[in-house]
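Report on one structure; see the data block that follows.
Residue numbers (the working numbering): 154 to 340.
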């Protein structure tokens, strides 16, 4: 990424737009013809957890059908074959695909879904802006590790002086201690 980064206003990409443009995939539908529109906001307990621990975990934020769709799209996406890599301290490397582009695609539909955006609005009490989205491509039993780090260190190097940003991780594959799940430290 360049040192200077462009931020884009949040916007919702609906499945209807994907289908009209002849996309191969469409989001799971509800009666509104778009990505499932179950309202979501953090509970008072979840907000308190974020304030005290610096993170919140929301199991089931997306339905199994939605996550399956994201998985299928990623597996078929030829652009991911051109993913870059990041070296770890032991000489291994992990693949990563990252973009600041907002498109009318499934990735952007997840990124801008109200189930992600609304909690960020609640936490920061302001309208969020989009920075980037990425797909980490950890290959089974090969590749490198994503070592302990703070996202803010990367954000600061990209010109964001204040830590008023948030990361949202959506597990596309099963993640546990054996295969390298995300681990966080409170604080």
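Using N, Cα and C, we set each Cβ at its ideal position, and we do this for glycine too.
Exercise. Taking the continuous alpha helix (DSSP H) assigned at residue 200, which residues delimit it?
Worked result: Taking the first residue of the chain shown as 1, we reach residue 200 at position 47. 197–206 is the extent of the alpha helix (DSSP H) around residue 200.
Exercise. If you run the structure through DSSP and keep just helix, strand and coil, what is residue 215?
Worked result: Here the question's residue 215 lines up with position 62 in the chain shown. Coil at residue 215, not helix or strand.
Exercise. Between residue 241 and the rest of its own chain, which residues show a CB-CB distance below 8 Å, the 5 nearest in sequence each way excluded?
Worked result: In the chain shown, the residue the question calls residue 241 occupies position 88. Around residue 241: 247, 297, 298, 299, 300.
Exercise. When DSSP labels each residue in this structure, what does residue 240 get in the three-state scheme?
Worked result: Counted from its first residue, the chain shown places residue 240 at position 87. Three-state DSSP puts residue 240 in a strand.
Exercise. Of the choices 215, 232, 198, whose alpha-carbon is the least far from that of residue 209?
Worked result: Here residue 209 refers to the residue found at position 56 when the chain shown is read from its first residue. Checked all of 215, 232, 198; the closest Cα to residue 209 is 198.
Exercise. Straight-line CA distance for residue 268 to residue 295?
Worked result: As a first step, residue 268 is located in the chain shown; it is residue number 115 there, counting from the start. As a first step, residue 295 is located in the chain shown; it is residue number 142 there, counting from the start. Approximately 33 Å, taken between the alpha carbons.
For this session: Find the nearest neighbour of residue 205 within the set 276, 251, 311, 314, judged by alpha-carbon distance.
Result: Taking the chain shown and counting its residues from 1, one reaches residue 205 at position 52. Ranking 276, 251, 311, 314 by Cα distance to residue 205 puts 276 first.
Exercise. Counting along the chain, where does the beta strand (DSSP E) carrying residue 247 start and finish?
Worked result: Numbered from 1 along the chain shown, position 94 holds the residue referred to as residue 247. Residues 246–252.
For this session: Determine the DSSP secondary structure at residue 183, reduced to helix, strand or coil.
Result: Taking the chain shown and counting its residues from 1, the one referred to as residue 183 is at position 30. Note that residue 183 scores 42 on pLDDT, short of 50, meaning its location in the model is unreliable; the coordinates nonetheless yield the value given after this. Coil.
For this session: Please go through the region 258–332 and give each complete beta strand (DSSP E) segment of 3 or more residues, from N-terminal end onward.
Result: 286–290
For this session: Specify the secondary structure class of residue 256 as computed by DSSP and reduced to three states.
Result: Here residue 256 corresponds to residue number 103 of the chain shown, with the count starting at 1. Looking at residue 256 - three-state DSSP - the assignment turns out to be coil, as it is neither helix nor strand.
Problem set entry | Nearest to residue 325 (by Cα), restricted to the options 314, 289, 284, 203 | As a working mapping, residue 325 is identified with position 172 in the chain shown. Taking only the C-alpha atoms, the option nearest residue 325 is 289.
Problem set entry | 6 Å Cβ shell around residue 224 - same chain, five flanking residues per side excluded | For the purposes of this step, residue 224 is taken as the residue at position 71 of the chain shown. Excluding sequence neighbours, residue 224 sits near 325.
For this session: Can you give me the Cβ contacts of residue 337 inside the same chain, cut-off strictly under 6 Å, excluding the 5 residues immediately before and after it?
Result: Counting from 1 along the chain shown, the entry for residue 337 is found at position 184. In chain order, 208 place their CB closer than 6 Å to the CB of residue 337, counting only its own chain and leaving out the 5 sequence neighbours on each side.
Problem set entry | Alpha carbon of residue 335 to alpha carbon of residue 226, nearest angstrom | By one-based count along the chain shown, residue 335 stands at place 182. By one-based count along the chain shown, residue 226 stands at place 73. Distance between the alpha carbons of residue 335 and residue 226 is about 22 Å.
Exercise. Below 8 Å between beta carbons: does that hold for residue 255 and residue 215?
Worked result: Residue mapping note: residue 255 aligns to position 102 of the chain shown, counting from 1. Residue mapping note: residue 215 aligns to position 62 of the chain shown, counting from 1. Contact: no.
For this session: Please go through the same chain and pick out, in chain order, the residues whose beta-carbon is closer than 7 Å to the beta-carbon of residue 236, but skip the five residues on each side of it.
Result: The residue you call residue 236 lines up with position 83 of the chain shown. Counting only Cβ-Cβ distances below 7 Å, and skipping sequence neighbours, we find 248, 249, 250, 290.
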